[in-house]
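The structure appears right after this line, and notes come after that.
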Amino acid sequence: MQKKHETEAENIALYGKYLTKWCTLCYNKSVCCGVCFVQCRDAVLPEFFRRILWKGKHVSTEMCCENMMKKNYNRDQFKRIFSFFAAVLLVGLYAAGFAWVWYESYSDAILLPFYRRGNWVMILIYVVLVLLFAKSFGGLKIGYLKRTDMFYSQTLSIFCVNVVTYFQISVVNRDFSAAVPMILLTIADLAVLILWIVLTNRLCFRLYPPRKLVVIYGDRNAAELVLKMSRRVDKYMICESVSANAPPEEIQEAIARYEGIILCEVSGKLRNDLIKYCFAQNVRAYIAPKISDIILRGAEEIRLFDTPLLLCRNYGLTFEQRLGKRIFDLVFAVVFLVLLSPLMLLSAIAIKLDDGGPVLFKQKRLTYHGKEFYVYKFRSMVVNAEKAGPQLAKENDSRITRVGRILRKCRLDELPQLINILRGDMSVVGPRPERPELAEEYEKTMPEFEFRLQVKAGLTGYAQVTGLYDTLPYDKLKMDLMYIENYSIFLDLRIILMTLKTALFPGETNEEANAHDAQELLYQEEHMQEQEQEKGDHS
Numbered sequence: 002m003q004k005k006h007e008t009e010a011e012n013i014a015l016y017g018k019y020l021t022k023w024c025t026l027c028y029n030k031s032v033c034c035g036v037c038f039v040q041c042r043d044a045v046l047p048e049f050f051r052r053i054l055w056k057g058k059h060v061s062t063e064m065c066c067e068n069m070m071k072k073n074y075n076r077d078q079f080k081r082i083f084s085f086f087a088a089v090l091l092v093g094l095y096a097a098g099f100a101w102v103w104y105e106s107y108s109d110a111i112l113l114p115f116y117r118r119g120n121w122v123m124i125l126i127y128v129v130l131v132l133l134f135a136k137s138f139g140g141l142k143i144g145y146l147k148r149t150d151m152f153y154s155q156t157l158s159i160f161c162v163n164v165v166t167y168f169q170i171s172v173v174n175r176d177f178s179a180a181v182p183m184i185l186l187t188i189a190d191l192a193v194l195i196l197w198i199v200l201t202n203r204l205c206f207r208l209y210p211p212r213k214l215v216v217i218y219g220d221r222n223a224a225e226l227v228l229k230m231s232r233r234v235d236k237y238m239i240c241e242s243v244s245a246n247a248p249p250e251e252i253q254e255a256i257a258r259y260e261g262i263i264l265c266e267v268s269g270k271l272r273n274d275l276i277k278y279c280f281a282q283n284v285r286a287y288i289a290p291k292i293s294d295i296i297l298r299g300a301e302e303i304r305l306f307d308t309p310l311l312l313c314r315n316y317g318l319t320f321e322q323r324l325g326k327r328i329f330d331l332v333f334a335v336v337f338l339v340l341l342s343p344l345m346l347l348s349a350i351a352i353k354l355d356d357g358g359p360v361l362f363k364q365k366r367l368t369y370h371g372k373e374f375y376v377y378k379f380r381s382m383v384v385n386a387e388k389a390g391p392q393l394a395k396e397n398d399s400r401i402t403r404v405g406r407i408l409r410k411c412r413l414d415e416l417p418q419l420i421n422i423l424r425g426d427m428s429v430v431g432p433r434p435e436r437p438e439l440a441e442e443y444e445k446t447m448p449e450f451e452f453r454l455q456v457k458a459g460l461t462g463y464a465q466v467t468g469l470y471d472t473l474p475y476d477k478l479k480m481d482l483m484y485i486e487n488y489s490i491f492l493d494l495r496i497i498l499m500t501l502k503t504a505l506f507p508g509e510t511n512e513e514a515n516a517h518d519a520q521e522l523l524y525q526e527e528h529m530q531e532q533e534q535e536k537g538d539h540s
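Written as structure tokens, this is what we have:
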């Protein structure tokens with residue numbers, strides 16, 4: 002029993018120390034409130050946290066949380082207005098830069114110069130393109146994305162906009178126009194972007210500090226979810242964890258101390274009660290969805306009676322949706338096979354020169370309604386990589402070749418699947434095709450895994466652009482079902498654009514993120530030790 006309490010206390014301390022790097026949240030630099038935000042009795046953290054221990058002064062949990070909740074409540078209602086005007090400012094600066102370049106370099110240089118309204122239309126088209134691409138890549142989500150993700154999204158967005166605009170100007174001019182002004186505009190846009198990201202994120206962090214949350218967990222340990230959300234301490238501060246088996250009074254008291262709750266694997270009845278309670282108390286509820294929740298999101302409303310009904314069907318896509326999707330797949334596959342043929346040829350030559358083995362690799366996979374087919378990929382592993390039997394590839398798998406590592410990083414090994422799309426085995430967007438052996442294993446623990454076979458397998462998908470390399474199969478299944486239940490052609494286009502971002506700026510894995518967190522914490526520890534040593538020398 003004593004050992005259990007020691008482990009429990011150690012977990013509380015470790016998680017609290019992890020949060021101390023944000024001690025300035027209490028707006029009092031002389032007081033560190035990291036541990037006061039945490040009563041985390043049950044979260045079990047990775048081993049690397051056990052080596053990181055800090056010391057600091059602390060204030061009471063109730064005082065800190067009460068003050069912060071009041072500040073957030075008063076300011077939160079203006080957050081959308083803040084985000085809107087910040088986005089307007091950025092788009093306005095982009096438009097002003099393009100207007101200057103247009104009037105100085107292109108307006109009078111075209112064969113038949115535009116007059117006042119024509120110039121305005123060109124600027125308006127530029128603004129519309131900026132909004133479309135920024136919306137697709139998510140680059141205007143202030144306070145939502147990390148600064149690096151926002152920079153990647155906006156960089157890709159502004160690059161696409163300026164390239165499209167250059168060709169648009171060339172079409173109007175009936176000749177290739179000078180490219181230097183657009184290149185200089187892109188550089189200026191990036192400088193404006195960096196300044197905008199730094200200023201808006203700092204201001205957003207000051208105006209809207211992280212929300213203080215409590216985790217209510219059930220059957221499964223909430224440590225994994227807690228650790229993931231803890232990487233975004235600029236948005237969420239997980240202060241306490243309470244078991245779903247605790248008395249209702251204890252749970253309600255915990256909820257009253259914070260701004261929101263996270264429900265993780267809680268039983269249906271308790272979850273419904275807690276959601277209603279939070280709704281009545283104006284407390285935010287973050288819910289880790291179950292498969293049934295995702296199915297309900299795609300339900301159809303029935304208004305034939307005076308009693309509301311929701312209709313859930315496992316039809317997948319309608320005939321009209323499948324027809325439109327097939328036409329889009331054919332056009333996409335033909336166009337990109339032509340455009341990417343030089344790149345595919347270079348990839349094939351590189352693979353052949355690397356180890357002399359075959360260029361293509363085929364493997365049996367599952368698609369619509371469980372139909373088996375052979376998927377084609379550029380070979381990225383050594384020959385006979387699975388002589389010991391089927392197994393999932395890992396991030397640093399020793400079987401991956403030197404060329405294969407580059408192909409996988411940029412998703413170029415998937416390009417031969419354009420042939421599968423032409424043949425009708427796959428679609429451009431959809432759940433990734435799974436191997437029959439692995440699908441059979443998944444279905445033993447996840448019977449719902451077969452639900453994802455209501456649409457064709459895809460070259461890319463929602464789980465690929467949203468998840469990470471080592472995202473759990475259960476989480477990927479949820480993402481695939483979210484795609485199916487909320488399908489639209491616009492969602493397909495957005496996923497395709499996000500795939501471009503993922504290929505150019507691959508996200509880090511959960512393991513890499515944990516390592517980065519550990520590195521940062523060690524650096525913080527060394528810095529604090531140096532400060533303490535300097536204080537000791539002065540004294």
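In my numbering, each number is its position in the sequence shown, counted from 1, plus 1. Glycine included, every Cβ here is placed at the ideal spot set by N, Cα and C.
Contact holds between the segment 160-168 and the segment 127-145, because three or more Cβ pairs, one in each stretch, are under 8 Å apart. Annotation for residue 292: the continuous alpha helix (DSSP H) segment containing it runs 292-298.
The DSSP assignment places 320-340 and 342-356 as complete runs of the alpha helix (DSSP H) inside the segment 299-386, in order along the chain (cut-off: 4 residues). Taking C-beta separations shorter than 6 Å and ignoring five residues to either side along the sequence, residue 327 has no partners in its chain. Around the C-beta of residue 405, 16 or more other C-beta atoms lie within 10 Å, and the residue is accordingly described as buried.
By the 16-neighbour rule on beta-carbons within 10 angstroms, residue 315 is exposed. When secondary structure is reduced to three states using DSSP, residue 93 falls in the helix class. In this model, residue 380 and residue 359 are separated by some 7 Å (Cα to Cα).
Judged by beta-carbon spacing, residue 414 lies beyond the 8 Å limit of residue 368, meaning their Cβ atoms are not closer than that value.
Listed in chain order, the non-local C-beta contacts of residue 352 below 7 Å within the same chain comprise 360, 379, 380 and 404, local neighbours out to five positions each way being set aside. As the crow flies, the alpha-carbon of residue 376 is around 43 Å from that of residue 173.
Of the candidates 349, 420 and 455, the residue whose Cα lies closest to the Cα of residue 407 is 349. As for any beta strand (DSSP E) of minimum length 3 sitting wholly inside the segment 220-277, the runs are 237-244 and 261-265, ordered along the chain. Residue 282 counts as exposed, since fewer than 16 other beta carbons sit within 10 angstroms of its beta carbon. Listed in chain order, the alpha helix (DSSP H) elements of length 4 or more contained wholly in the segment 407-433 are 418-424. Closest by C-alpha distance to residue 496, out of 464, 476 and 475, is 464. Closest in alpha carbon position to residue 318, among 176, 374 and 300, is 300.
Taking C-beta separations shorter than 6 Å and ignoring five residues to either side along the sequence, the partners of residue 484 in its chain run 463, following chain order. Take residue 382, set aside five residues on each side of it, and the residues of its chain with a beta-carbon closer than 8 Å to its own are 362, 394, 398, 400, 401, 402 and 405, in chain order. Rounded to the nearest whole angstrom, the C-alpha separation of residue 372 and residue 251 is 51 Å. With three or more CB-CB distances shorter than 8 Å, the segment 255-272 counts as touching the segment 210-219. In this structure, the straight-line span from the alpha carbon of residue 139 to that of residue 193 is close to 18 Å.
Three or more beta-carbon pairs separated by less than 8 Å are not found between the segment 99-118 and the segment 230-241, which leaves the two stretches without contact.
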